[in-house]
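S.K.:
Number of protein chains: 2
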Amino acid sequence: MKYVLYYWSMIQGRGEFVRLALEDAGAAYDDAARSGDGMSAMMRMMDGTKGTPPFAPPFLQAGKLVIAQTANILLYLGSRHGLAPKAEAGKLWVHQLQLTITDLVLEIHDTHHPLGPSLYYEDQRGPAKKRTDEFWNERVPKYLGYFEGLMEEGGKAYVTGRKATYVDLSLFQIVAGLRYAFPKRMKAFESEIPRLVELHDRVAARPNIKAYLESDRRIAFNEQGIFRHYRELDA
Amino acid sequence: MKYVLYYWSMIQGRGEFVRLALEDAGAAYDDAARSGDGMSAMMRMMDGTKGTPPFAPPFLQAGKLVIAQTANILLYLGSRHGLAPKAEAGKLWVHQLQLTITDLVLEIHDTHHPLGPSLYYEDQRGPAKKRTDEFWNERVPKYLGYFEGLMEEGGKAYVTGRKATYVDLSLFQIVAGLRYAFPKRMKAFESEIPRLVELHDRVAARPNIKAYLESDRRIAFNEQGIFRHYRELDA
Numbered sequence: 126m127k128y129v130l131y132y133w134s135m136i137q138g139r140g141e142f143v144r145l146a147l148e149d150a151g152a153a154y155d156d157a158a159r160s161g162d163g164m165s166a167m168m169r170m171m172d173g174t175k176g177t178p179p180f181a182p183p184f185l186q187a188g189k190l191v192i193a194q195t196a197n198i199l200l201y202l203g204s205r206h207g208l209a210p211k212a213e214a215g216k217l218w219v220h221q222l223q224l225t226i227t228d229l230v231l232e233i234h235d236t237h238h239p240l241g242p243s244l245y246y247e248d249q250r251g252p253a254k255k256r257t258d259e260f261w262n263e264r265v266p267k268y269l270g271y272f273e274g275l276m277e278e279g280g281k282a283y284v285t286g287r288k289a290t291y292v293d294l295s296l297f298q299i300v301a302g303l304r305y306a307f308p309k310r311m312k313a314f315e316s317e318i319p320r321l322v323e324l325h326d327r328v329a330a331r332p333n334i335k336a337y338l339e340s341d342r343r344i345a346f347n348e349q350g351i352f353r354h355y356r357e358l359d360a
Numbered sequence: 126m127k128y129v130l131y132y133w134s135m136i137q138g139r140g141e142f143v144r145l146a147l148e149d150a151g152a153a154y155d156d157a158a159r160s161g162d163g164m165s166a167m168m169r170m171m172d173g174t175k176g177t178p179p180f181a182p183p184f185l186q187a188g189k190l191v192i193a194q195t196a197n198i199l200l201y202l203g204s205r206h207g208l209a210p211k212a213e214a215g216k217l218w219v220h221q222l223q224l225t226i227t228d229l230v231l232e233i234h235d236t237h238h239p240l241g242p243s244l245y246y247e248d249q250r251g252p253a254k255k256r257t258d259e260f261w262n263e264r265v266p267k268y269l270g271y272f273e274g275l276m277e278e279g280g281k282a283y284v285t286g287r288k289a290t291y292v293d294l295s296l297f298q299i300v301a302g303l304r305y306a307f308p309k310r311m312k313a314f315e316s317e318i319p320r321l322v323e324l325h326d327r328v329a330a331r332p333n334i335k336a337y338l339e340s341d342r343r344i345a346f347n348e349q350g351i352f353r354h355y356r357e358l359d360a
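Protein sequence lines correspond, in order, to chains A and B. Position one of the first sequence corresponds to residue 126 (our numbering), numbered consecutively onward. Position one of the second sequence corresponds to residue 126 (our numbering), numbered consecutively onward.
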């Protein structure tokens, strides 16, 4: 079975967390973003009123199933591709961590869109500056400090131990994205999270991820996605 | 096995979505919010660095398991208490809907805290007014219109059909909370979502929910929770 991933064509966005899992697993998938009518097919699927229409992308077609919500897609893929523990306790734990990353991703998005997703950044520069300051003063230390703490137990290679899960792939993306969006702030902060930086490098060196990052399938970071570089927010 | 629910003691907050499921299921649980040292026990569990410490409340102790993230707790409870379909497709679908409700809940919270959760409302009144306008103009019609659409197929009593799931309980809470926080705006909007209003009433009439709502276990809405009534935001 070949999966089809539906997501906006010009950005990494939330779809990237799914792409990283599919790529690391070496799963066969079509990326609707790269097919001629992929975007219109995506819109039609969301407009559907019968069955189980997704509220928003990303969503994954897996045979007859259409699964939306990033963490839910990873829950599904994790079981099938060895990217999560098999036992229920481990599965719930990894999913719980992914949901915490989901919360962090939304807070990252809100740094440039504090007044809501429907207005342009240019119309909310002042509030964005305030929100970004608060994000770096309060939230980054709390979130990244939490994940750094999870890595502290006994020289683990990955968050849950010796095997990578989708959470490790997502944490790679968080570090990479924060470096892109806030190079100065992140540079000053990285000494606080040495284990997460190592984790980033370890994930980047996994053969399938390395090949993916070097391919043209990896869309570059840009100012339409979640991680946006606005110089005035990185001061 | 008796569950223990850990959540802040003075508010409904995110913990309420879990309480509604526990109450509807008639599950035996202790609410840490109602025990003498519940809050300090909760803080100790979050401070732990070993095992699987939660990032934030709510979390549920279920025997040896400690499960955090509202939607994750409901995923766990849903399977055990008949509040979710048993087959994988249905389970993923209901979880996906709950994660969309999670997104909505965060946007509701952001109406009064657009500059972030660490600052007081009083320090962000102007941005809160703008975010609230945008929320009611763009986001409420999109989210509630989506759930209303799911109820349109063939006279279903609940979102997935004849049986209630934790998603129905959560949608009850969304309608109740929006009525509390924005009575004027919600009154004007309710004609757009007749099926969700019916769903709210149907859930409120379920015997265990009815008994819960009339009990002193139901904390009243207030201005420390997610749904806050600020008159200036309801104009």
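Every residue, glycine too, gets a C-beta built ideally from N, C-alpha and C.
(1) Looking at chain B, which residues of the stretch 220 to 232 of chain A have a Cβ within less than 7 angstroms of any of its Cβ atoms?
(2) For the beta strand (DSSP E) containing residue 156 of chain A, name the first residue and the last one.
(3) Using a beta-carbon distance below 9 angstroms, is residue 177 of chain A in contact with chain B?
(4) Is residue 140 of chain A helix, strand or coil when you go by DSSP?
(5) Cα separation between residue 224 of chain A and residue 195 of chain B?
(6) Counting only Cβ pairs nearer than 7 angstroms, list the residues of chain E close to residue 255 of chain B.
(7) Answer yes or no: does any C-beta atom of chain A fall closer than 9 angstroms to that of residue 259 of chain B?
(8) Residue 137 of chain B versus chain A: which residues are under 7 angstroms apart at the beta carbon?
(9) Taking the C-alpha atoms as reference points, what is the distance between residue 206 of chain B and residue 184 of chain A?
(10) For residue 207 of chain B and chain A, any beta-carbon pair shorter than 9 angstroms?
(11) If I follow the unbroken alpha helix (DSSP H) through residue 196 of chain B, where does it start and stop?
(12) Decide if the stretch 326 to 344 of chain A is in contact with the stretch 142 to 159 of chain B; the criterion is three or more beta carbon pairs, one per stretch, under 8 angstroms apart.
(13) Applying the 10 Å Cβ sphere with the 16-neighbour rule, what's the burial state of residue 262 of chain A?
(14) In this structure, does DSSP put residue 208 of chain B in helix, strand or coil?
(15) 9 angstroms is my cut-off, CB to CB: does residue 244 of chain A come that close to chain B?
(16) Can you give me, in chain order, the residues of the stretch 178 to 200 of chain A that have a beta carbon less than 7 angstroms from any beta carbon in chain B?
(17) Taking the C-alpha atoms as reference points, what is the distance between residue 315 of chain B and residue 325 of chain B?
(18) Pull out every residue of the stretch 265 to 282 of chain B whose Cβ sits closer than 7 angstroms to any Cβ of chain A, in chain order.
(19) Between the stretch 216 to 236 of chain B and the stretch 298 to 308 of chain B, can you find at least three pairs of beta-carbon atoms closer than 8 angstroms?
(20) Quick one: complete beta strand (DSSP E) runs, 3+ long, within the stretch 263 to 293 of chain B?
(21) Examine chain B for any beta-carbon lying closer than 9 angstroms to the beta-carbon of residue 217 of chain A, and answer yes or no.
(22) Counting only C-beta atoms, is residue 323 of chain B closer than 9 angstroms to chain A at any point?
(23) Determine whether the Cβ of residue 293 of chain B lies closer than 9 angstroms to any Cβ atom of chain A.
(24) Can you give the Cα-Cα distance for residue 211 of chain A and residue 280 of chain B, rounded to whole angstroms?
(25) Looking only at its chain, what residues have a beta carbon closer than 8 angstroms to the beta carbon of residue 242 of chain A, apart from the 5 residues adjacent to it on each side?
(26) Between residue 359 of chain B and residue 307 of chain B, which are expected to be in contact by the criterion C-beta below 8 angstroms, what is the C-beta distance as a whole number of angstroms?
(27) Between residue 271 of chain B and residue 180 of chain A, is the Cβ-Cβ spacing less than 9 angstroms?
(28) What number of angstroms, rounded off, separates the C-alpha of residue 304 of chain A from the C-alpha of residue 160 of chain A?
(29) Does any CB atom of chain A fall closer than 9 angstroms to the CB of residue 252 of chain B?
(30) Using a Cβ cut-off of 8 angstroms, pull out every chain A residue sitting near residue 317 of chain B, in sequence order please.
(31) Would residue 214 of chain A count as contacting chain B if we go by Cβ distances under 9 angstroms?
(32) Leaving out five residues before and five after residue 282 of chain A in sequence, what residues of the same chain have Cβ atoms less than 7 angstroms from its Cβ?
(33) Check whether chain A comes within 9 angstroms of residue 359 of chain B, counting only Cβ atoms and requiring the distance to be less than that.
(34) Within 9 angstroms of any Cβ in chain A, is that where the Cβ of residue 263 of chain B sits?
(35) Can you tell me the Cβ-Cβ gap for residue 323 of chain B and residue 254 of chain B, rounded? I've got them flagged as a contact below 8 angstroms.
(36) Grouping DSSP H, G and I as helix and E and B as strand, with all else coil, what is residue 214 of chain B?
M.R.: According to the data block:
(1) Only those residues of the stretch 220 to 232 of chain A whose C-beta falls short of 7 angstroms from the nearest C-beta of chain B are listed: 220, 221, 224, 225 and 231.
(2) Bounds of the beta strand (DSSP E) holding residue 156 of chain A are 154 to 156.
(3) With 9 angstroms as the cut-off, residue 177 of chain A counts as an interface residue toward chain B.
(4) In this structure, DSSP gives residue 140 of chain A a helical state, which the three-state scheme calls helix.
(5) The alpha-carbon atoms of residue 224 of chain A and residue 195 of chain B are separated by roughly 9 angstroms.
(6) Protein chains in the displayed structure are A and B, and chain E is not among them.
(7) Cβ-Cβ to chain A under 9 angstroms: yes for residue 259 of chain B.
(8) Around residue 137 of chain B, no beta-carbon contact reaches into chain A at under 7 angstroms, the shortest distance being about 19 angstroms.
(9) The alpha-carbon atoms of residue 206 of chain B and residue 184 of chain A are separated by roughly 28 angstroms.
(10) No, residue 207 of chain B lies away from the interface with chain A (no Cβ there is under 9 angstroms from its Cβ).
(11) For residue 196 of chain B, the uninterrupted alpha helix (DSSP H) segment begins and ends at 195 to 205.
(12) No, because fewer than three Cβ pairs between the stretch 326 to 344 of chain A and the stretch 142 to 159 of chain B fall closer than 8 angstroms, the two stretches do not touch.
(13) Classification of residue 262 of chain A: exposed, given that the 10 Å Cβ count is below 16.
(14) Taken through DSSP and simplified to helix, strand or coil, residue 208 of chain B comes out as coil.
(15) The Cβ of residue 244 of chain A sits closer than 9 angstroms to at least one Cβ of chain B.
(16) Going along the stretch 178 to 200 of chain A in chain order, one finds 180, 190, 192, 193, 194, 196 and 197 with a Cβ nearer than 7 angstroms to chain B.
(17) Between the alpha carbons of residue 315 of chain B and residue 325 of chain B lies a gap of roughly 12 angstroms.
(18) Here the close residues are 271, 274, 277 and 278.
(19) Three or more Cβ pairs closer than 8 angstroms define a contact, and the stretch 298 to 308 of chain B meets that threshold against the stretch 216 to 236 of chain B.
(20) The stretch 263 to 293 of chain B contains no whole beta strand (DSSP E) run of 3 or more residues.
(21) For residue 217 of chain A, the answer is yes, since a Cβ of chain B falls inside 9 angstroms of its Cβ.
(22) So no, residue 323 of chain B is outside the interface.
(23) No, its Cβ sits nowhere closer than 9 angstroms to a Cβ of chain A.
(24) Between the alpha carbons of residue 211 of chain A and residue 280 of chain B lies a distance of about 39 angstroms.
(25) Closer than 8 angstroms at Cβ, skipping near neighbours: 234.
(26) Yes, they are in contact, since the Cβ atoms of residue 359 of chain B and residue 307 of chain B sit about 5 angstroms apart, within 8 angstroms.
(27) Their beta carbons are under 9 angstroms apart, which means residue 271 of chain B touches residue 180 of chain A by this criterion.
(28) Computed Cα separation, rounded: 30 angstroms.
(29) Chain A contact via Cβ: present.
(30) Within chain A, not a single residue places a beta-carbon under 8 angstroms from that of residue 317 of chain B; the smallest gap is close to 16 angstroms.
(31) Judged by the 9 angstroms Cβ criterion, residue 214 of chain A is in contact with chain B.
(32) Same-chain partners within the cutoff: 327.
(33) No, no contact with chain A.
(34) True, the Cβ-Cβ gap to chain A drops below 9 angstroms.
(35) Not a contact, Cβ separation roughly 32 angstroms.
(36) Helix.
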